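Written below as C-alpha cells is the structure these notes are about.
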Amino acid sequence: MSSGELILILIVALIVFGPTKLPMLATHLGILFRKINQFKDQLSTLWQEQVNQIQLHENKRKAEEGDKKYSIKDNDQV
Numbered sequence: 001m002s003s004g005e006l007i008l009i010l011i012v013a014l015i016v017f018g019p020t021k022l023p024m025l026a027t028h029l030g031i032l033f034r035k036i037n038q039f040k041d042q043l044s045t046l047w048q049e050q051v052n053q054i055q056l057h058e059n060k061r062k063a064e065e066g067d068k069k070y071s072i073k074d075n076d077q078v
C-alpha cells in the first residue's frame, strides 16, 4: 500500500467517523489485527505440528519396513 493510498483511507475514515471516533476506531482495529495475528500464529503452529506428526509416522513406517527387511535377511543367513 502506497503512502497516497494510506492518506486517502485516513481522509475517508476521518470524514465518515469524525475526529472524535477515530481514536476509538484505531484502538479497535489494533486489537482486531493483534487477534488476527495471534490466530494466524496459532494456526501456523498447529499446521506445522500436524506436518511433523505425518512425517514422524512416515519415518517410523519406513524404519519398520527396513527392520523387517534386515531381520528377514539375518534369519536367512543363520
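Read in UniProt numbering, the sequence shown has 49 at position 49, and its numbers run on one by one without any break. Even for Gly, the Cβ is constructed at its ideal location relative to N, Cα and C. Owing to the predicted nature of the structure, the values given are computational and were not obtained by experimental measurement.
query                                                                        : result
Short Cβ contact (8 angstroms threshold) for Phe33 with Leu25                : no
Rounded C-alpha distance that separates Asn59 from Ala13                     : 54 angstroms
DSSP state of Ser2 mapped onto helix, strand, coil                           : coil
Rounded straight-line distance, which links the Cα of Ile31 to that of Ser44 : 20 angstroms
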